[in-house]
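**Q** These protein sequence lines map, in sequence, to chains Z and V.
With the numbering used here applied, the first sequence closes on residue 923, and no number is skipped along the way.
With the numbering used here applied, the second sequence closes on residue 110, and no number is skipped along the way.
Here a beta-carbon is modelled for each residue, glycine too, at the ideal position from N, C-alpha and C.
In this text, all values refer to a predicted model and were calculated from it rather than measured experimentally.
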Amino acid sequence: MSFITGVGLTSFGKHEGSSSLDLMSKAAQAALDDAGLKRVDIDGVLCGYSTVSPHIMLATVFAEHFGIRPSYAHAVQVGGATGLAMTMLAHHLVEAGVARNVLVVAGENRLTGQSRDASIQALAQVGHPDYEVPLGPTIPAYYGLVANRYIYEYGVTEEDLAEFAVLMRAHACSHPGAQFHDPITVADVMASKPVAMPLKLLDCCPVSDGGAAFVISRERTGEAGVRIRGCAQAHTHQHVTAAPRLSELGAEISVARAKEATGLAISNVRYAAIYDSFTITLAMLLEDLGLAGRGEAAARVRAGHFGRDGAMPMNTHGGLLSYGHCGVGGAMAHLVEAHLQMTGRAATRQVRDASIALLHGDGGVLSSHVSMFLERVR
Amino acid sequence: MSERLADWTRSEEAVTYQTCTACGHVQYFHRAFCAACGASNPRVARASGKGRVYATSLVCRAATPETRAHVPYNILLVDCAEGFRMMAHGETDLAIGDEVTASFKPFAGKLVPFFAKRK
Chain Z
546 MSFITGVGLT SFGKHEGSSS LDLMSKAAQA ALDDAGLKRV DIDGVLCGYS TVSPHIMLAT
606 VFAEHFGIRP SYAHAVQVGG ATGLAMTMLA HHLVEAGVAR NVLVVAGENR LTGQSRDASI
666 QALAQVGHPD YEVPLGPTIP AYYGLVANRY IYEYGVTEED LAEFAVLMRA HACSHPGAQF
726 HDPITVADVM ASKPVAMPLK LLDCCPVSDG GAAFVISRER TGEAGVRIRG CAQAHTHQHV
786 TAAPRLSELG AEISVARAKE ATGLAISNVR YAAIYDSFTI TLAMLLEDLG LAGRGEAAAR
846 VRAGHFGRDG AMPMNTHGGL LSYGHCGVGG AMAHLVEAHL QMTGRAATRQ VRDASIALLH
906 GDGGVLSSHV SMFLERVR
Chain V
-8 MSERLADWTR SEEAVTYQTC TACGHVQYFH RAFCAACGAS NPRVARASGK GRVYATSLVC
52 RAATPETRAH VPYNILLVDC AEGFRMMAHG ETDLAIGDEV TASFKPFAGK LVPFFAKRK
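(1) Below 8 Å CB to CB, which residues in the same chain sit around V/Pro114 once its five sequence neighbours on both sides are set aside?
(2) Can you give me the Cβ contacts of V/Glu4 inside the same chain, cut-off strictly under 6 Å, excluding the 5 residues immediately before and after it?
(3) Given this structure, state the Cα-to-Cα distance separating Z/Val734 from Z/Ser564, to the nearest angstrom.
(4) Let me check understanding here. Comparing Cα to Cα, which of Z/Val650, Z/Lys559 and Z/Pro685 lies closest to Z/Ile665?
(5) Please state whether DSSP places Z/Gly755 in a helix, a strand or coil.
(6) Leaving out five residues on either side along the sequence, give the residues of the same chain with a beta carbon under 6 Å from the beta carbon of Z/His610.
(7) Based on the DSSP output, what are the partners of Z/Val691 in its beta bridges?
(8) Can the beta-carbon of Z/Val678 be found closer than 8 Å to that of Z/Ser799?
(9) Is the segment 5 to 14 of chain V in contact with the segment 810 to 827 of chain Z, if contact means three or more CB pairs nearer than 8 Å?
(10) Quick one: list the residues of chain V neighbouring Z/Ala686, beta-carbon separation under 7 Å, in chain order.
(11) Does any CB atom of chain V fall closer than 8 Å to the CB of Z/Tyr594?
(12) Report the residue from Z/Ser913, Z/Arg714, Z/Ala844 and Z/Leu648 whose alpha carbon sits nearest the alpha carbon of Z/Lys571.
(13) Answer with yes or no whether the minimum CB distance from Z/Leu690 to chain V is below 8 Å.
(14) Rank Z/Ser762, Z/Met887 and Z/His637 by C-alpha distance to the C-alpha of Z/Leu903 and give the top, closest one.
(15) Cβ closer than 8 Å: which chain V residues qualify as neighbours of Z/Gly872?
(16) Do you know whose CA, among Z/Ile773, Z/Met829, Z/Ala892 and Z/Ala580, lies nearest Z/Thr807's CA?
(17) Just checking my contact of Z/Thr657 with V/Met78 at CB under 8 Å: how many whole Å lie between their CB atoms?
(18) Is V/Ala112 near V/Val44, with beta carbons less than 8 Å apart?
(19) Determine, for Z/Arg694, whether the minimum Cβ-Cβ distance to residues of chain V falls below 8 Å.
(20) Which runs of the beta strand (DSSP E) at least 3 residues long sit entirely within the segment 716 to 798 of chain Z? Give them in chain order.
(21) When burial is assigned at 16 or more other CB atoms within 10 Å of the CB, is V/Met(-8) buried or exposed?
(22) Keeping to the same chain, check which residues put their C-beta closer than 8 Å to that of V/Thr0; ignore five residues upstream and five downstream.
(23) Who are the Cβ neighbours of Z/His884 in its own chain at under 7 Å, not counting the five residues just before and after it?
(24) Does the distance from the CB of Z/Tyr594 to the CB of Z/Val873 come in under 8 Å?
(25) Tell me the rounded alpha-carbon separation between Z/Val585 and Z/Phe607.
(26) List, from N- to C-terminal side, the beta strand (DSSP E) runs of 3 residues or more that fit wholly inside the segment 616 to 648 of chain Z.
(27) Residue range of the alpha helix (DSSP H) that Z/His884 falls in?
(28) What residues of chain Z sit near V/Thr7, judged by a beta carbon separation below 8 Å?
(29) Mind reading off the beta-carbon distance from Z/Met917 to Z/Ala810? Whole number of angstroms is fine, and I expect it under 8 Å.
(30) Between the C-alpha atoms of Z/Pro615 and Z/Arg897, what's the straight-line distance to the nearest angstrom?
(31) Closer than 7 Å, Cβ to Cβ, to anything on chain V: give me those residues from the segment 748 to 759 of chain Z, in chain order.
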């Protein structure tokens, strides 16, 4: 058994003058404080990567900087799925008795530490170096290809996709740490600058500075307990050119495995934390995971289904689209928010019942998937 | 690998692909082995350049000065007649399902495959 005993999250946006290590340290300290643990209690460290400050041994760089001498430490790289992949590994390490308290941490000054072009270019390198990158694609273009195909096969519209950006912005408006606090409309999304059609600027997550961290422990440290019920992964390809058809993508596979591992069904889920790098990502994942019927996710957004007071509140912090995206820490914010909801600490964003949460992360171009169920225990 | 036919990735006006001599698997990303069964030396052949558009995305925001000079450019995934999928450029008015034929164009200092509607 494993528990998420503490979470830490910085605000996202501009942290002028902060390095990746600064942001990681800030989030890590907040997670330790939340768990009521000291540095000496941490015997495992898992960290993500930083595109601004790449290092072949980031976990030990961080451990030394932060002041920990762990018995287990390394970095993990699975793109946007890294945060949940680290959490899954921490869960297994703790269950196997390898470590008692694993600190999972990531942070990056991606917005102020490099130019936006440099960020876009660094990320485009997930494409195939010989067969894709010479064509000048960008991450939005990889997802734009998928989006147009999804629109073609399932009759989804660009206005449908815009609904997800509007919802995430509405949620961000009630979180003081979010990068964006101005409400937007479907018309605003439709009128925003074209990036890689059908994706426009407001269909895309921003580049942010920020950090996030959690502690995964064998034993609870406080009153409120959040237990990792189970998790699973699926990896079907790396490059969009080699992706399987839409009906055979990894999210369906990983969630099926996670359901099998936990004995839980989608009908048990009360809160959803779903990766949303682009509006299309969120639309597809909701439908792949079974949180909406095929082609029906946007209608559910319009009906308030995924809102704070809806039947399946989702990403109440604003997600990558509006809380922000600082790399690995970006999707970790989804877990932090789920934890706050499950422990009744989400302030004005608090939902009625977050007793069981489904989390899902995606890396690459729908390449790597991690699905995870969390359960509140008293 | 059997003889290495030059293709657009080496500035030659051609698209090539591999077929496994053991299991018949077709692959576009060249390797010294078949990714389906592991047999070595898949056979390399030149593709006809005919295919059907699987997906499109018109890139309006590029990330480098070299690619920015070409904006907007249409990135495609094309299902080729020989049974493999490739990424390429194409005319901006192409729609999913269109039958297309490849030619080649310079782009950001390199040669890239460019598809147009089949006449």
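**A** According to the data block:
(1) Here chain V covers residues -8 to 110 and nothing more, so residue 114 of chain V does not appear.
(2) Phe95
(3) 32 Å
(4) Z/Pro685
(5) strand
(6) Leu566
(7) Z/Val691 pairs with nothing; no bridge assigned.
(8) no
(9) no
(10) Ser48, Val50 and Ile66
(11) no
(12) Z/Leu648
(13) yes
(14) Z/Met887
(15) In chain order: nothing, as chain V lies at least about 17 Å away.
(16) Z/Ile773
(17) With 8 Å as the limit, Z/Thr657 and V/Met78 do not qualify as a contact, their Cβ atoms being about 33 Å apart.
(18) A query on residue 112 of chain V cannot be resolved here, the shown segment of chain V reaching from -8 to 110 and no further.
(19) yes
(20) 739 to 741, 754 to 762 and 770 to 780
(21) Confidence in V/Met(-8) is poor, its pLDDT being 46 and thus under 50, which makes the residue's placement unreliable; the coordinate value appears in the next sentence. Exposed, by the Cβ-count rule.
(22) none
(23) Ile549, Val552 and Val771
(24) yes
(25) 15 Å
(26) 617 to 620
(27) Val873 to Met887
(28) Residues of chain Z passing the Cβ test: none, with the nearest at roughly 11 Å.
(29) About 15 Å; that fails the 8 Å criterion.
(30) 39 Å
(31) none
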